[in-house]
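Add 2 to the 1-based position in the sequence shown for my numbering, that's all there is to it.
Heads up, the beta-carbon is just placed ideally off N, CA and C, and yes, glycines get one too.
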Amino acid sequence: MAKQERAIRTRNALVESAAALFDRDGFEVASLATISARAGVSSGALHFHFPSKAVLADAVVAAAGDRLLRITREREALPLQILIDASHELVQGLRSDPVLRAGFALSTTPDRDLRRLWCEWVEGIVLRAERAGLLAPDVTSRDVASAVVAVAAGHEALGHQDPRWLERAPLTRFWAFLLPRVVGAARVGLFVASGDQESVRDDQESVQAELRS
């Protein structure tokens, strides 16, 4: 069991190291030697777990996919509040978690497209809100989903150059602007544009615990 735990820790350390270097230097520039050195792992151990840099990149995307699944988990809230909370967690994750950032940057093929998974989830949760009668009569789920996906993509792209786009305030302003149009002024009070901050803290703590394991 101890040997298996060491192997898991080694693999996780390599994934974290690779994500940090892919995020900082780019996939083409980051070398396996640098990745193994940063992780404090021998080159032989790296090749035991990951025979190529492409396989290691796949592992980074898979780890980012696990983060995305955690972000889009089911919660005890109205569907639109779930979406608000998840959008904040995604943006905060892109700010603080190199695995998530690198995973999104590397997910460029149909079989590992995290943006498509996010888009499909947003479409589904907004459709739930529409069926629950939460949207204003002249608003469609497609319109809301398109706006949310576009804004999240914009925050991701702009955040590479200016990390202020990955702070909570810009996304909170977006939701405060959008909610009256989406649900109507009478229902705005049902939702918190700044998201469930306690949920975000819990999620960040769970990620840190995972990294330490």
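- [ ] Write down every uninterrupted run of the alpha helix (DSSP H) in the stretch 75-138 whose length is 4 residues or greater and which is fully enclosed by it, in chain order.
- [x] 81-98, 100-108, 116-133
Task: At least three beta-carbon pairs within less than 8 Å, the stretch 184-201 to the stretch 137-144 - done: yes
Open item on the list: In whole angstroms, give me the CA-to-CA distance for Asp164 and Lys5.
Closed with: Locating residue 164 in the sequence shown gives position 162, counting from the first residue. Locating residue 5 in the sequence shown gives position 3, counting from the first residue. Straight-line Cα distance between these residues: approximately 43 Å.
Open item on the list: Could you tell me the alpha carbon to alpha carbon distance between Glu125 and Arg11, rounded to whole angstroms?
Closed with: Taking the sequence shown and counting its residues from 1, the one referred to as residue 125 is at position 123. Taking the sequence shown and counting its residues from 1, the one referred to as residue 11 is at position 9. Going by the C-alpha atoms only, they are around 36 Å apart.
Open item on the list: Can you list, in chain order, the residues of its chain with a C-beta nearer than 7 Å to that of Leu173? Leave out the 5 residues immediately preceding and following it.
Closed with: To locate residue 173, count along the sequence shown from 1; it is residue 171. Excluding sequence neighbours, Leu173 sits near Ser89, His90, Val93, His157.
TODO: Tell me whether the beta-carbon of Trp120 lies closer than 9 Å to the beta-carbon of Val151.
DONE: Residue mapping note: residue 120 aligns to position 118 of the sequence shown, counting from 1. Residue mapping note: residue 151 aligns to position 149 of the sequence shown, counting from 1. In contact: Trp120 and Val151 (Cβ atoms closer than 9 Å).
TODO: For Phe52, count neighbouring C-beta atoms within 10 Å of its own C-beta (all shown protein chains included) and say buried if the count is 16 or more, exposed if not.
DONE: Numbered from 1 along the sequence shown, position 50 holds the residue referred to as residue 52. Looking at its Cβ environment, which holds 16 or more other Cβ atoms inside 10 Å, Phe52 is buried.
- [ ] Report the option in Ala20, Leu82, Arg166, Pro112 whose CA atom is closest to the CA atom of Val194.
- [x] As a working note, residue 194 is residue 192 in the sequence shown. Nearest of Ala20, Leu82, Arg166, Pro112 to Val194, Cα basis: Leu82.
Task: Distance between Ala15 and Ile86 (C-alpha atoms, nearest Å) - done: Here residue 86 refers to the residue found at position 84 when the sequence shown is read from its first residue. Here residue 15 refers to the residue found at position 13 when the sequence shown is read from its first residue. Roughly 32 Å between the two C-alpha positions.
TODO: Quick one: give me the first and last residue of the alpha helix (DSSP H) that Thr174 is part of.
DONE: Taking the sequence shown and counting its residues from 1, one reaches residue 174 at position 172. Membership of Thr174 in the alpha helix (DSSP H) is indicated by the continuous run 170-185.
Task: Cut-off 6 Å between Cβ atoms - residues of its own chain near Ile37, not counting five sequence neighbours on either side - done: The count along the sequence shown starts at 1 and reaches residue 37 at position 35. Correct list, in chain order: Ser19, Ala20, Leu23.
Open item on the list: Which residue wins for smallest C-alpha separation from Ala149, given the options Ala65, Leu160, Ala159, Trp177?
Closed with: For the purposes of this step, residue 149 is taken as the residue at position 147 of the sequence shown. The residue among Ala65, Leu160, Ala159, Trp177 with its C-alpha nearest the C-alpha of Ala149 is Trp177.
- [ ] Grab me the residues of Leu129's own chain with a C-beta within less than 7 Å of its C-beta, minus the 5 sequence neighbours each way, in chain order.
- [x] Here the question's residue 129 lines up with position 127 in the sequence shown. Result list for Leu129: Ser143, in chain order.
Open item on the list: Rounded to whole angstroms, what is the Cα-Cα separation between Ala79 and Ser33?
Closed with: Here residue 79 refers to the residue found at position 77 when the sequence shown is read from its first residue. Here residue 33 refers to the residue found at position 31 when the sequence shown is read from its first residue. If I take the Cα positions, the gap works out to 44 Å.
Task: Which listed residue (Glu122, Glu169, Arg114) has its alpha carbon closest to that of Ala64 - done: Against the sequence shown, residue 64 aligns to sequence position 62. Of the candidates Glu122, Glu169, Arg114, the one whose C-alpha sits nearest the C-alpha of Ala64 is Arg114.
- [ ] Give the secondary structure of Thr142 by DSSP, where H, G and I count as helix, E and B as strand, and everything else as coil.
- [x] Locating residue 142 in the sequence shown gives position 140, where the first residue counts as 1. Note: Thr142 maps to coil in three-state DSSP.
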